[in-house]
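First residue of the sequence shown? That's 1 in UniProt numbering, and the numbers climb one at a time after it.
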Amino acid sequence: MTVSSSGSDRRKRLKAKREAALHRPVLARHLSDGFNGRWSRRQWVQASLFATLGMLAAAIVPGFSTTPAKTSHTPRYSLALALPPLPHTGTRSVQRNDWQVVRVEAGQTLGTLFEQLGIPASTMQQILKQPGARSALTRMRPGTEVAFDLPLNGSLRGFRYDRDDSHRIELSLSGDQIREKVITRPTDTRTVVISGEVGKSLFRSARKLGLSASNINTLTDDIFKYDIDFDSDVTAKDRFSVVVEQTWREGELLRTGPILAATFTSEGKLHTGFRFERGGKAEYFTGEGRPLKKSFIRMPIPYARLTSNFGSRRHPVLGTVRRHMGVDYGASTGTPIMAAGDARVQFIGWKGGYGRAVILDHGRGYTTLYGHMSRFGNYKQGQRIGQGSVIGYVGTSGLSTGPHLHYEFRVNGVHRNPLSITMPPPEPLSGAALSQFRAQTGVALARIREVEDVIYADAAPVNTAPVARGAAARPGKPKA
Ligand SMILES: [Zn+2]
1 MTVSSSGSDR RKRLKAKREA ALHRPVLARH LSDGFNGRWS RRQWVQASLF
51 ATLGMLAAAI VPGFSTTPAK TSHTPRYSLA LALPPLPHTG TRSVQRNDWQ
101 VVRVEAGQTL GTLFEQLGIP ASTMQQILKQ PGARSALTRM RPGTEVAFDL
151 PLNGSLRGFR YDRDDSHRIE LSLSGDQIRE KVITRPTDTR TVVISGEVGK
201 SLFRSARKLG LSASNINTLT DDIFKYDIDF DSDVTAKDRF SVVVEQTWRE
251 GELLRTGPIL AATFTSEGKL HTGFRFERGG KAEYFTGEGR PLKKSFIRMP
301 IPYARLTSNF GSRRHPVLGT VRRHMGVDYG ASTGTPIMAA GDARVQFIGW
351 KGGYGRAVIL DHGRGYTTLY GHMSRFGNYK QGQRIGQGSV IGYVGTSGLS
401 TGPHLHYEFR VNGVHRNPLS ITMPPPEPLS GAALSQFRAQ TGVALARIRE
451 VEDVIYADAA PVNTAPVARG AAARPGKPKA
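In structure tokens form, the structure reads like this:
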């Protein structure tokens with residue numbers, strides 16, 4: 001019986017190390033060869049690109065700030081102070097001071113908001129009858145903003161909400177009547193190339209250019225995880241380029257979609273990764289169409305320690321000596337168990353000494369078994385699931401002395417040691433999928449090159465460029 005050092009400690013240490021590496025300043029020697037007291041032509045190009053970005057933002061933002069509901073980002077639940085009534089200015093008597101913008105917090109619903117503001121539930125029901133209101137207002141995410149025009153000691157006069165990204169609805173209530181005004185807020189989705197140098201920290205540089213934290217995780221943990229050691233290989237001069245879709249509205253970035261393509265140039269070597277949907281599931285591939293993901297994860301369980309290895313041993317319950325056909329991971333009851341690879345669920349149920357067990361068929365003769373579960377995940381027999389899907393939770397059902405996962409790995413029906421076997425390479429793209437993939441990656445790479453030529457080529461004239469935003473060039477028509 002082998003007991004490894006605590007898996008959870010090791011994972012924590014690794015995580016801390018990676019975090020530190022992502023945020024750590026990069027060695028000074030890499031900075032010095034780029035800066036000699038004078039700006040190079042390229043640096044001027046970059047600076048002028050950023051200036052363009054600044055001007056674009058300045059041009060768009062004032063228009064945005066007149067949008068009435070965007071007055072505050074802090075939650076305001078209390079009623080506004082009573083102010084002297086505004087002079088009546090003709091046909092419309094919009095008293096702006098009574099509009100309160102409320103930002104929805106986790107756990108809050110439209111019902112709780114109305115209750116907090118002392119607005120009768122019947123008014124809410126009336127509002128929900130408006131076309132499109134129910135779907136927008138009954139599933140509000142934390143951070144969503146709605147606004148109430150609620151005079152002191154009066155009843156609700158107006159209500160404002162966003163029906164979707166591009167339609168803001170303003171309702172005017174008087175008695176049983178509701179008038180609806182639709183304010184169109186055009187959104188613009190662009191495919192952009194974002195390119196930058198690692199600089200002092202990859203994380204900071206990438207965030208500054210508009211990539212989300214999840215984009216950066218994808219870059220380091222999914223796409224280039226196996227090719228680049230972000231702990232030690234990366235220098236300030238290394239550069240990254242990604243193709244993403246961004247949705248903008250009135251000068252505000254609403255969303256950055258997943259990374260569609262990425263390159264990372266490290267020590268003169270170009271690494272590439274491309275997103276492609278295979279069988280309805282997005283994965284990242286090399287330029288040749290080989291998956292960047294491994295076909296099997298080594299440990300189907302997080303934060304666990306190996307408590308019994310593959311091979312012969314005295315069975316802890318039966319007391320007889322026999323071969324242990326799998327490996328055991330000690331973990332507390334309820335710890336999630338993940339599918340080691342993409343699979344079809346072959347079996348879910350009670351299986352003799354294994355107790356509650358799941359068997360997965362990974363194709364090409366590979367199957368895995370997970371035993372002694374306390375309960376199952378939300379999958380059915382015959383269903384296709386992805387690597388990492390939670391198929392069940394650690395328990396001690398069946399012939400077991402305590403909570404642990406019993407894990408078996410079979411190749412063509414023969415038990416193998418999952419800790420020492422050479423895992424098969426994942427299946428590359430082929431046939432029609434491969435041709436489709438090639439067509440897509442060709443376009444994406446061309447876009448990246450176009451942008452990198454503008455940003456990184458010292459020879460590039462300063463006034464080049466249909467550049468949309470900073471280092472993000474728009475390979476299509478920019479919004480006028
Ligand atoms: Zn076992």
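Beta carbons are placed, not taken as given, at the ideal position from N, Cα and C, and that holds for glycine.
Predicted model, so just to flag it, every value in this text is computed and none were measured.
Q) If you drop the 5 nearest sequence neighbours on each side, which residues of the same chain put their C-beta closer than 6 Å to that of residue 274? A) 261, 285, 441
**Q.** Cross-strand partners of residue 392 (DSSP beta bridge)
**A.** 337, 376
Q: Examine ligand 1 and report whether any of its heavy atoms sits within less than 8 Å of the Cβ of residue 371.
A: yes
Q | Cβ separation of residue 335 and residue 357, assumed to be a contact under 8 Å, to the nearest whole Å | A | With a Cβ gap of about 16 Å, residue 335 and residue 357 do not count as contacting.
Q) Whose CA, out of 327, 293, 410, 141, lies closest to the CA of residue 299? A) 327
Q. Do the CB positions of residue 371 and residue 344 come within less than 9 Å of each other?
A. no
Q: Return yes when at least one heavy atom of ligand 1 lies under 8 Å from the C-beta of residue 404, else no.
A: yes
Q | Simplified DSSP state of residue 417, which is helix, strand or coil | A | coil
**Q.** Assumed close pair residue 242, residue 219 - CB separation to whole angstroms, cut-off 8 Å
**A.** 7 Å
**Q.** Close beta carbons around residue 85, own chain, < 6 Å, minus the five adjacent residues each side
**A.** For residue 85, the predicted model reports a pLDDT of 38, less than 50, meaning its position is unreliable and no value from the coordinates is stated.
Q. What is the rounded straight-line gap between the Cα of residue 277 and the Cα of residue 434?
A. 11 Å
**Q.** Own chain residues within Cβ distance below 7 Å of residue 411, not counting five before or after
**A.** 365, 366
Q. When DSSP labels each residue in this structure, what does residue 296 get in the three-state scheme?
A. coil
Q | Integer Cβ distance of residue 397 from residue 373, believed to fall under 8 Å | A | 6 Å
(Q) For a test of the three-state rule: what should DSSP assign to residue 216, helix, strand or coil? (A) helix
Q. Under three-state DSSP, which class holds residue 259?
A. coil
(Q) If contacts are defined as beta-carbon pairs under 8 Å, then residue 297 and residue 331 qualify, I think. What distance do you get, rounded to the angstrom? (A) So it is not a contact: roughly 15 Å between Cβ atoms.
Q: Using only the heavy atoms of ligand 1, determine whether one of them is closer than 8 Å to the beta carbon of residue 327.
A: yes
Q) By the 10 Å Cβ neighbour count, where 16 or more other Cβ atoms means buried, how is residue 127 classified, buried or exposed? A) buried
Q | Which of helix, strand or coil DSSP assigns to residue 364 | A | coil
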